[in-house]
Structures are given as structure tokens and as C-alpha cells.
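For reference, the structure is listed below as C-alpha cells.
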Amino acid sequence: MRKELLKRIPKVDVFVEDKELLELLGNNPRTLLVESIRNVLDRLRKDIVNGKVLELDKEKIKGQIKNELRKLVSPKLKRVINATGVVLHTNLGRAPISEKIAEHLKWIITGYSNLEYDLEKGKRGLRYKNLEWILKKLTGAEDVCVVNNNAGAVLLVLSALAKGKEVVVSRGELIEIGGSFRIPDVMVQSGAILKEVGTTNKTHLWDYENAINENTGLILKVHTSNYRVLGFTESVSTKELVELGKKYNIPVYEDLGSGSFIDVRKLGLSYEPTVQDVLKAGADVVSFSGDKLLGGAQAGIIVGKKEFIEKIKKHPLNRALRIDKMTLSVLEATLVYYLDEEKALKEIPTWNLLSQPLENIKRKAEKLYSLLDREKIKAEIKIVKDESEVGGGALPIQKLPTYAVAIKPSKISVKRLESLMREMEVPVVGRIKENVYLLDMRTVFDNEIKQLAFNLKKVLI
Ligand SMILES: *Cc1c(COP(=O)(O)O)cnc(C)c1O
4 MRKELLKRIP
14 KVDVFVEDKE
24 LLELLGNNPR
34 TLLVESIRNV
44 LDRLRKDIVN
54 GKVLELDKEK
64 IKGQIKNELR
74 KLVSPKLKRV
84 INATGVVLHT
94 NLGRAPISEK
104 IAEHLKWIIT
114 GYSNLEYDLE
124 KGKRGLRYKN
134 LEWILKKLTG
144 AEDVCVVNNN
154 AGAVLLVLSA
164 LAKGKEVVVS
174 RGELIEIGGS
184 FRIPDVMVQS
194 GAILKEVGTT
204 NKTHLWDYEN
214 AINENTGLIL
224 KVHTSNYRVL
234 GFTESVSTKE
244 LVELGKKYNI
254 PVYEDLGSGS
264 FIDVRKLGLS
274 YEPTVQDVLK
284 AGADVVSFSG
294 DKLLGGAQAG
304 IIVGKKEFIE
314 KIKKHPLNRA
324 LRIDKMTLSV
334 LEATLVYYLD
344 EEKALKEIPT
354 WNLLSQPLEN
364 IKRKAEKLYS
374 LLDREKIKAE
384 IKIVKDESEV
394 GGGALPIQKL
404 PTYAVAIKPS
414 KISVKRLESL
424 MREMEVPVVG
434 RIKENVYLLD
444 MRTVFDNEIK
454 QLAFNLKKVL
464 I
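No gaps in the numbering here: position 196 of the sequence shown is 199 in the working numbering, and each next residue is one more.
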């Protein structure tokens, strides 16, 4: 019986000329169609051997090939609806970019641009010229260097300023950011020598001072942006480190992680130093990400005193880590908004999502609620008050009040609902809390609510 079925499995050729499949393939290479057919037929063979398939249905096989082909030809990077409430979600692409900036980006990259061309002089120009100008204006820094991401910035700064020398850093700040970015490992890569001081919870100024010797090249302070040590703790402020650095003529570098230009107390959150604050405290070099609280594109921004930034710029890693025109274009357009803080809060999506009035989030929740066909939907649905996170290794323990649509399905489990929503054409990532599926509306854009309702109806009716 199984042998008989195996023999009757259609050949690949039966499907390669199929009109519907060819249409679905579009302009994609034919090998993708052949691969989809093979994958489906291979699986079928196994299922027959295992006794899972007892009869052959050509139409059903074709349906499976269609699904397989669809998976192969559609881009794997998809737009996702973020209903987690985590504004800077590291796994969901961190900072979203505004439509306006995306339009600008499109205009720049679909043609040629003056990326490295001086239009006034008619000859070669500098890639970072305008970016440097804005960053200097915004932060008050003497000089600026921009690279591919902040991990790259840390590596570059350590390599350029402390290769072969000791870098003094507190044990409480030897962080891992994820994706194997760990301060001790980066230190090894850079050729600098890690000199840990203090303990996990407490580090004093004299710990730093005792560690300083003739081979000390740098004092490093790392902002513990993705965790907090609470309770019996002590760390040394930037200002004190700067004084110490001055005394021994050693530069102070602060890796701020999520650098912000805006004081987060404006959002009702507790104080986090801004880039300007750290520079004012006297840090010689400061680095931060372009796509955390800054709300721009992935980049590592290094600002500080000219004598150090010049050294950093001349290091060969700087060229290896340079940003492309897409990043440059998004970053520049984002930074311009900061020249007017009100504009930044409104126009930069990250700040807009963080600063939106609670009323606005409630309105979005009500809109979604009203679009659901509650007569037919097999679930209990409520609007509830909850808390969202800033996320993105930005403000680890700070929360913002929010509204969520809470769903308790009656025919399937909450876990199943959560995974079905993730696997749809337009995937939705929500969160589960106390066995209820929550859609936190803080991070859902207005133009996504309809789709969200569509997905829910599809899964729950
Ligand atoms: C996020 C972070 C980094 C890495 O920045 P990327 O832009 O993700 O490369 C480095 N240091 C700190 C303190 C961070 O928070």
C-alpha cells in the first residue's frame, strides 16, 4: 500500500509548467519553483513512509507547493505590528522612522546625491560635514565622529585611545548588551587591557585612583542601560571621574548607550543624563546609539574634545565602520528636528510614542475595540490600564502608564492566540500577562488598527 503510494507521487515536471504556480513565481528565478516542489514532495514521501498520508490528492499537493513558494519568494524581513508597548524593542527593529523621513530617504537614494561632493566648489567634499555641524550645535561638542553602531564606536574609541594601555572600569559596569557585545570581550578586541575596579554593587573614587599607574590610558564609564543594581550601591559620577582624570592627565570616556538629547523627566520618568549633561560634566569622549532614544537610524555617534576625536577619526577602523548614505540621510533628517525640541517630540516617532497623552492611547484602544465584532468573536475582550516599557536598553526599570486591549479567548488557549497572531501575513507581537493576551496600544500606529482588528477576527471567529 505505502509502496504503491510512493510510486504514484507526481513527478516534479507535473508542476513546473503549471500556470498558477508560474504566475505566483513572477519574475523570480525558476529554481525557486523547483525547490518548492521538491520540498513539498520530499515531505510527502516522508509522510507516506510514516503512515501520515494515506491517499494522494494532486490539488492538495499543489496548494502546499503554493504555500511553500509564497514563503520562498516573499521577503523575510517584514513589517510587524508592535503591540508589546515596548517603544524601543531591540528585536523589532528599535526606532521606527517617520513617513516624512522615509520619503526624504527615498528621494535621496533612488538617484545620485552629493554624499561626498562639495556643490559650491564643484569638487570632492566630506561625507559627514552637515551631520557634524548639527551634532556640534546640538551637543556643544568640539568635534564629532559617526560610525555604523555604538558597539563599533566603543571598539573604535578603545582601539584609538587605549591600545596596549590599561582602561580602568568599574566592576558594576562590565555589561553585556546582547548579541555577544560584552565590555571585557570588546576590550580584548581593541588591544586595550581591562583594569576592573570596585565590586559589583559598589565602586568608590579611590578604587579608580588606586588603579591608576603609568600605563593607564583611559578611564571608562559605561551607562548600565539594560539593568540596574538596586539597594546597597554606589558608583562614581562623571564629574568626579573627570576631576580624577585631570589630576593624572588621563582622558575620560563615557559609553552612554542610549544617548538622549531630551531630558526624560519631561515624560514623567526619573532622571537620566543627556548627552549634553555628560559633556558639561567634562567627559572627554562620549558615545551613544543612533537608533535608541535618539530615534534615528542604526549608528554610533562619538562626540567630545577635538584632540581625542581627531585621533579616533584617523584610526583605520573608522573607515571600516563608516555609515552609508541611507543611514546618513535618516540620521541627518532626524537630528534636524532636535534643533526645536517641540518638533522633535512630535515628529520623531520614538518621542511621539513616548510622549503621547494617555488619552490618545485610550482612544486607539477604543477604536480597536469598536472594530471587533464582539457578537461573533469567541473571546472575552476588555480595555485595561497597564504599563509600557521604554525598552531598547534605554531605561531598564522605568514604566509608562498605558491602555491595552485584553483578550481571553474561549475556544483556544492564550498561548495559541499569541502564536497565531505572530504567524499571520501581517504579524502581530503582543504580550501575555496573567493568562490574558494584551495588545498594548502605545506602540500601535493609527494606520495599523484596522489590520489588527482584521487579524483578531480571522483568528477568533
Ligand atoms: C546599546 C548599547 C551599546 C551598543 O549599541 P548599538 O548601537 O546597539 O551597537 C553599547 N553600550 C551601551 C551602554 C549600550 O546601551
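For each residue, glycine too, the CB sits at the ideal point set by N, CA and C. What you are looking at is a predicted structure, and each value in this text was computed from that prediction instead of being measured.
- Under the 10 Å beta carbon count, Gln-279 is surrounded by 16 or more other beta carbons and is classified as buried.
- Ligand 1 has no heavy atom closer than 6 Å to the beta-carbon of Ala-323.
- Take the alpha-carbon of Arg-434 and the one of Leu-164: they are about 44 Å apart.
- If the five residues before and after Asn-204 are omitted, its C-beta is found closer than 8 Å to the C-beta atoms of Gly-175, Val-232, Gly-234, Phe-235, Thr-236 and Glu-237, all from its own chain and listed in chain order.
- The stretch 17 to 53 contains, as complete alpha helix (DSSP H) runs of 4+ residues, the segments 22 to 28 and 33 to 52 (chain order).
- Judged by DSSP secondary structure, Tyr-256 falls within the beta strand (DSSP E) whose first and last residues are 255 to 260.
- Non-local beta-carbon contacts of Ile-196 in its own chain, meaning distances under 6 Å to residues more than five positions away in sequence, involve Glu-169 in chain order.
- At a cut-off of 6 Å, the beta-carbon of Asn-151 does not count as near ligand 1: no heavy atom of the ligand is closer than that.
- Every unbroken stretch of the alpha helix (DSSP H) spanning 4 or more residues and falling wholly within the stretch 269 to 349 is given here in chain order: 278 to 283, 309 to 317, 319 to 323 and 328 to 340.
- Straight across, the Cα-Cα distance linking Lys-10 with Lys-79 is about 35 Å.
- Contact between Val-150 and Arg-325 holds, with the beta-carbon distance rounding to 7 Å and staying under 8 Å.
- Cβ-Cβ distances below 7 Å link Asp-266 to Thr-277 in the same chain, with the five nearest sequence neighbours on each side left out; the list follows chain order.
- Ala-98 and Gly-303 do not touch by the CB rule: their CB atoms are close to 14 Å apart, not below 8 Å.
- At a Cβ-Cβ threshold of 7 Å, Ala-409 and Asp-443 do not count as neighbours.
- A distance criterion of 6 Å places the beta-carbon of Gly-260 in contact range of ligand 1, judged by its closest non-hydrogen atom.
- Scanning its chain for C-beta atoms nearer than 7 Å, with the 5 sequence neighbours on each side dropped, one finds around Leu-95 the residues Val-83, Asn-85 and Val-432, in chain order.
- With at least 16 other beta carbons inside 10 angstroms of its own, Ile-312 counts as buried.
- Look at His-226: its beta carbon is less than 6 Å from one of the heavy atoms in ligand 1.
- For Val-245, the closest alpha carbon among the candidates Val-189, Ser-193, Val-171 and Ile-315 is that of Val-171.
- Uninterrupted alpha helix (DSSP H) stretches at least 4 residues long and entirely within the stretch 175 to 233 occur at 186 to 193 and 208 to 214, given in chain order.
- Secondary structure of Glu-7 (DSSP, three-state): helix.
- The bridge partners DSSP lists for Arg-127 are Tyr-120.
- Glu-426 sits in coil when the DSSP states are folded into three classes, being neither helix nor strand.
- One thing to note: Lys-308 has its Cβ no nearer than 7 Å to the Cβ of Glu-135.
- Residue burial is scored here from C-beta neighbours: Ala-300 has at least 16 other C-beta atoms within 10 angstroms and is therefore classed as buried.
- Counting only residues of its own chain and dropping the five nearest sequence neighbours on each side, Ser-358 has a CB closer than 6 Å to the CB of Leu-270 and Leu-348.
- According to DSSP, Asn-85 shares a beta bridge with Val-432.
- The closest CA to that of Ser-273, considering only Glu-179, Val-160, Leu-371 and Leu-403, is found on Leu-403.
- When distances are taken from the beta-carbon of Ser-263 to the heavy atoms of ligand 1, even the shortest one reaches 6 Å or more.
- The residues Ile-104 and His-107, in chain order, have a CB closer than 6 Å to that of Ala-336 in the same chain once the five nearest residues on each side in sequence are set aside.
- Note that the stretch 411 to 419 touches the stretch 366 to 386; at least 3 beta-carbon pairs, one per stretch, sit closer than 8 Å.
- Here Phe-18 is near Ile-40, since their CB atoms are less than 7 Å apart.
- For Lys-461, same chain residues with a beta-carbon under 8 Å away, outside a window of 5 residues either side, are Met-427 in chain order.
- Just measuring C-alpha positions, the residue of Asn-216, Ile-386 and Val-56 sitting nearest Glu-362 is Ile-386.
- Under DSSP, Leu-91 shares a beta bridge with Gly-394.
- Under the DSSP definition of a beta bridge, Leu-403 partners with Ser-391.
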